[in-house]
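Q: Numbering (the working numbering), first residue to last: 907 to 1568.
Ideal Cβ positions, reconstructed from N, Cα and C, are used throughout, including at glycine.
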């Protein structure tokens, strides 16, 4: 029986190449996930032990999908399995084993964004810099860039580019000191510290090099410099590395991804075999012709052209409207009509836009026409206050020394531990170079607090100790234990106190139920569940943009999203709106270097290739910008995708930089 009969010739060649460096250039809709999973199965059939294979993806959803597909190909009887992991989860696994060499405890906590902002504020206070001069979010952004460039706090002064950086250097040092003192790491540290480990501890690197005979990387065009460094170190002894990606879909330069890694892969790994997957099974020939013609205007790319496997009649349209209101009115009116008259499912329709302010007028029209819709990329489940509060309880059940989490919930819900009491505890902890949790007993014994506060602190410590013991003794009952905690602290009353609208109260309580269900699902799919394991998974998932997107996609309604959010998705009908200079390409790119416009062109290419059967590109002749109605200029990409050379330059565009980010 031909195990590879479902594969086309190029896919088959990729799957059967089992050694040395391999670059698989996988165009949009060309079946790359199938190739990766089939190749893993083929490696195992040819004698590679499953646990000696590492397959790295960018999202937890992609990792789970790959694991399921591999299980279907190989059967469930495999005792050992390949390690399918995100970059950050791989680094957590390595650091749990090795981080003590860097002076951290192996049970380190992973900070969420809120924790990071709190530490950033503390660092700024330490150096007496007000938030007007340097916002915590801006500081964190600068620290992140330094970390991803491998710049440690003591080296940061050599990388100063402006006055803002001079302030950030001192705050970076304080931020990292506070982070380490609280036995915590931030999300960037997972990669940053692993790189330090590999550089400074050759024996640790050798242990992890010896673990894997074969390494695969998915979405390789999205790797940043730090990720490349880590993978290059891991595969150095054997160079059995297979990377899959598409330089034409490299759209995350603004968060550190470097397209040069996929463009220069054959030079970095001499002897690389390059295989192109160009058969597209998603889009009509007319849609693909637009995409191919557009992306050829980028000079720095691997030469390839997608080949359509289905025909389309009138599957592409260009529409022009007087203004943004009319654009939204007509697009939504048409969507409402096709849903009603052609029985089109709303979820098979997507409206794609470049910036986050564009969907407002479309939302108004969708509501007016009673068309159900979902905006993808709204608040993450793990960013909700009620979820962060309960997770903080769980973190201190694992490690009461976790001061960030402890101080977040010591009086949430209110239990009579006021600000004055907390300040006394913190002052004593600083004086003794200790932790708030550890100074509590002596201060209680010495009656340092009013009677009510003393009793409240005793009750709080008792609560923490009881639930610590329960979680440790009954890991398979974690979901029930957390439900019991929510009831005991009466968190629903806290919700009622904070939110007066019944709909908001109902939503927040439902979110707590979702958290309990998430814990239950974690326990069911995990061989040896633990509270540490769940917190680790939730910390990684909370930063995984695909997690909530997956939930939103199952909701009924037209999907509204940015083109960045649309990557990896596909819809029967796609409306790409706002095809104007200053929107797409974005005004920042127009005033920047040529490579920024190239990335905007790739973003447009990604948007086009989301459409299976129907693609509509729209623009407004005039649009309100900066409070005034102004004439707009058609996006240069409209001309380029139709085989014309655009003559638009930066001097033709009114550019005013503001803060609307991707």
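1) Please classify residue 1111 as buried or exposed, where buried requires at least 16 neighbouring CB atoms within 10 angstroms.
2) How far does the beta strand (DSSP E) with residue 1226 in it reach, from first residue to last?
3) I need the DSSP call for residue 966, collapsed to helix, strand or coil.
4) My parser needs the alpha helix (DSSP H) runs of 4 or more residues fully inside the region 1317-1356; what are they?
5) Does DSSP classify residue 1477 as helix, strand or coil?
6) Of all the alpha helix (DSSP H) runs that stay within the bounds of the region 1234-1275, which reach a length of 4 or more residues?
7) Under the rule that 16 or more other beta-carbon atoms within 10 Å means buried, what is residue 1437, buried or exposed?
8) Please report how far the alpha carbon of residue 952 lies from the alpha carbon of residue 996, in whole angstroms.
9) Exposed or buried, which one is residue 1120 when buried takes at least 16 other CB atoms within 10 Å?
10) Can you give me the C-alpha to C-alpha distance between residue 1453 and residue 1471, rounded to a whole angstrom?
11) Below 8 Å between beta carbons: does that hold for residue 975 and residue 923?
12) Let me make sure I understand the geometry here. Which of 1477, 918, 966, 948 has the alpha-carbon closest to that of residue 1446?
13) With a 10 Å radius around its C-beta and 16 neighbouring C-beta atoms as the bar for buried, classify residue 1048 as buried or exposed.
14) Within its chain, find whatever has a CB closer than 7 Å to the CB of residue 1489; leave out the 5 residues flanking it on each side and keep chain order.
15) Just reading off the beta strand (DSSP E) that residue 1519 is part of, what are its end residues?
16) Given a cut-off of 8 Å, decide if residue 1094 and residue 1053 are closer than it, judged by their beta-carbon atoms.
17) Quick one: give me the first and last residue of the beta strand (DSSP E) that residue 1002 is part of.
18) Give a yes or no on whether 8 Å exceeds the smallest Cβ distance from residue 1054 to chain D.
19) What residue range is occupied by the uninterrupted beta strand (DSSP E) comprising residue 1467?
20) Tell me the DSSP secondary structure of residue 1545 in three-state form.
21) DSSP three-state call for residue 1569: helix, strand or coil?
22) Of the residues 1435, 1296, 1463, which one's Cα is nearest the Cα of residue 1396?
23) Taking contact to mean 3 or more Cβ pairs, one atom from each stretch, closer than 8 Å, check whether the region 1024-1035 and the region 1071-1079 are in contact.
24) Would you mind reading off the limits of the alpha helix (DSSP H) that contains residue 1089?
25) Ignore the nearest five residues each way along the sequence and tell me which others in residue 1210's own chain have a CB closer than 7 Å to its CB.
26) Excluding the 5 residues preceding and the 5 following residue 1114 in the sequence, name in chain order all residues of the same chain whose CB lies nearer than 7 Å to its CB.
27) Taking only the alpha-carbon atoms, compute the straight-line gap between residue 1043 and residue 1050 and give it to the nearest angstrom.
28) Can the beta-carbon of residue 1382 be found less than 8 Å from the beta-carbon of residue 1435?
29) Once the 5 residues before and after residue 1177 are set aside, which same chain residues still bring their CB inside 7 Å of it?
30) With a threshold of 16 other CB atoms inside 10 Å of the CB of residue 1103, please say whether the residue is buried or exposed.
31) Which ranges does the alpha helix (DSSP H) cover as unbroken runs of at least 4 residues, wholly within the region 1095-1124, from first to last along the chain?
32) Would you say residue 1189 and residue 1524 are within 8 Å of each other, going by their C-beta atoms?
33) Would you tell me roughly how many angstroms separate the C-alpha atoms of residue 909 and residue 945, rounded to the nearest one?
34) Can you find at least 3 beta carbon pairs, one from the region 1402-1409 and one from the region 1357-1372, that sit closer than 8 Å?
35) Any contact between the region 1535-1553 and the region 1191-1209? By contact I mean 3 or more CB pairs, one from each, below 8 Å.
36) With 16 other CB atoms within 10 Å as the buried threshold, where does residue 865 fall?
A: According to the data block:
1) buried
2) 1222-1227
3) helix
4) 1325-1337, 1342-1351
5) strand
6) 1265-1274
7) buried
8) 25 Å
9) buried
10) Residue placement at residue 1453 is flagged as unreliable, the pLDDT there being 49, under the threshold of 50; a coordinate-derived value is accordingly withheld.
11) no
12) 966
13) buried
14) 1260, 1261
15) 1517-1526
16) yes
17) Looking at the DSSP string, residue 1002 is not in any beta strand (DSSP E); the run it does join, the alpha helix (DSSP H), is 993-1004.
18) The displayed structure is made up of one protein chain only, and chain D is not part of it.
19) 1464-1468
20) helix
21) Residue 1569 cannot be examined here, being either before or after the span of the chain that is shown, 907 to 1568.
22) 1296
23) yes
24) It is not in any alpha helix (DSSP H) - residue 1089 carries neither H nor E in the DSSP assignment.
25) 931, 933, 1182, 1184
26) 1000, 1140
27) 10 Å
28) yes
29) 926, 927
30) buried
31) 1108-1115
32) no
33) 11 Å
34) no
35) yes
36) Limits of the chain in this structure are 907 at one end and 1568 at the other, which puts residue 865 out of reach.
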